[in-house]
Amino acid sequence: MAPNFEKVFSYHFAPITIEEIAEDIPIEQTMPFHRLLVQYNEFCEEHFEVMDILESQSKFRSFYDFVLANALAGNIIVKRMHINTFINKLTDLQTKYNQNLKSVDIYYDEIVEKVYHPQ
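Sequential numbering of the sequence shown, starting at 53, is according to the numbering used here.
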């Protein structure tokens, strides 16, 4: 479910402040990510866990759009780091998980091929 930007702009919560995130800390393990996920779940009336978001392109895209809309609405305050850097970290995270999921799909296809079409 893609969030309606007008609905997001009218949705208010205490601003989330994001300090600079160290390069060696995965963004999905940071407190701001989890606070945003809590707000996203409240907004969507869902109970998604981190892996639910990461393993689904549509759920992640919806979460990403929610974060972006809230950044534009001023609900996310970024200190000592540019908002684009935070958004890019989210994009990199999704790319990483998409690659992992594709690898699993390829591996699964190879197993099916060997089981059903043995040489």
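Even for Gly, the Cβ is constructed at its ideal location relative to N, Cα and C.
Backbone CA spacing between residue i and residue j [nearest angstrom]
i           : j           : result
residue 123 : residue 129 : 7 Å
residue 99  : residue 132 : 31 Å
residue 83  : residue 70  : 9 Å
residue 103 : residue 112 : 10 Å
residue 85  : residue 91  : 10 Å
residue 75  : residue 136 : 15 Å
residue 93  : residue 77  : 23 Å
residue 140 : residue 125 : 18 Å
residue 65  : residue 59  : 13 Å
residue 81  : residue 97  : 22 Å
Closest residue to residue i among the options (Cα-Cα distance)
i           : options          : result
residue 116 : 94, 88, 127, 101 : 88
residue 108 : 90, 147, 141, 64 : 147
residue 142 : 64, 73, 90, 59   : 73
Beta-carbon spacing of residue i, residue j below 8 Å
i           : j           : result
residue 79  : residue 120 : no
residue 118 : residue 138 : no
residue 127 : residue 67  : yes
Range covered by the beta strand (DSSP E) that runs through residue i
i           : result
residue 79  : First-last for residue 79: undefined, no H or E at that position.
residue 128 : 128-130
Range of the contiguous alpha helix (DSSP H) that encloses residue i
i           : result
residue 68  : Not the alpha helix (DSSP H): residue 68 falls in the beta strand (DSSP E), residues 68-70.
residue 110 : 109-125
residue 105 : 102-106
Counted within 10 angstroms of its Cβ, other Cβ atoms place residue i as buried (16 or more) or exposed
i           : result
residue 105 : buried
residue 62  : exposed
residue 110 : exposed
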